[in-house]
Amino acid sequence: INDAVSLLQLYAIVHPNSKVAEYNFNDANPHDLIQAFIENEARIPDLLSEALRQYVRKTQQAIANG
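Numbering follows the numbering used here, in which position 15 of the sequence shown is assigned residue number 17; successive positions increment by one, without gaps.
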């Protein structure tokens with residue numbers, strides 16, 4: 003997740019006129035940043051949304067299982 007946020011920060015530098023360039027990377031939840039990118043800029047939003055949902059689900063399961 004941290005690598006994905008770093009990639010979004012790089013995307014913002016390379017594409018200064020994109021919506022990603024307007025994101026507040028310091029105070030935002032990483033999942034919210036990724037979801038915002040998916041909604042605003044992604045060319046394959048359905049695939050990325052599903053991947054993020056699966057990641058969150060697996061993380062929650064791992065936490066629940068200890």
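We put the beta carbon where it would ideally sit given N, CA and C, even for glycine.
According to DSSP, is residue i part of a helix, a strand, or is it coil?
i, result
"phenylalanine 27", "coil"
"serine 8", "helix"
"isoleucine 15", "helix"
Rounded to whole angstroms, what's the CA-CA distance from residue i to residue j? Just pull it up for me.
i, j, result
"phenylalanine 27", "threonine 61", "22 Å"
"lysine 21", "glutamine 63", "32 Å"
"aspartate 48", "glycine 68", "30 Å"
"proline 18", "phenylalanine 39", "14 Å"
Count the other CB atoms within 10 Å of the CB of residue i; is the residue buried (16 or more) or exposed (fewer)?
i, result
"leucine 12", "exposed"
"leucine 9", "exposed"
Enumerated in chain order, which unbroken segments of the beta strand (DSSP E) with a length of 3 residues or greater are wholly contained in the stretch 25-66?
none
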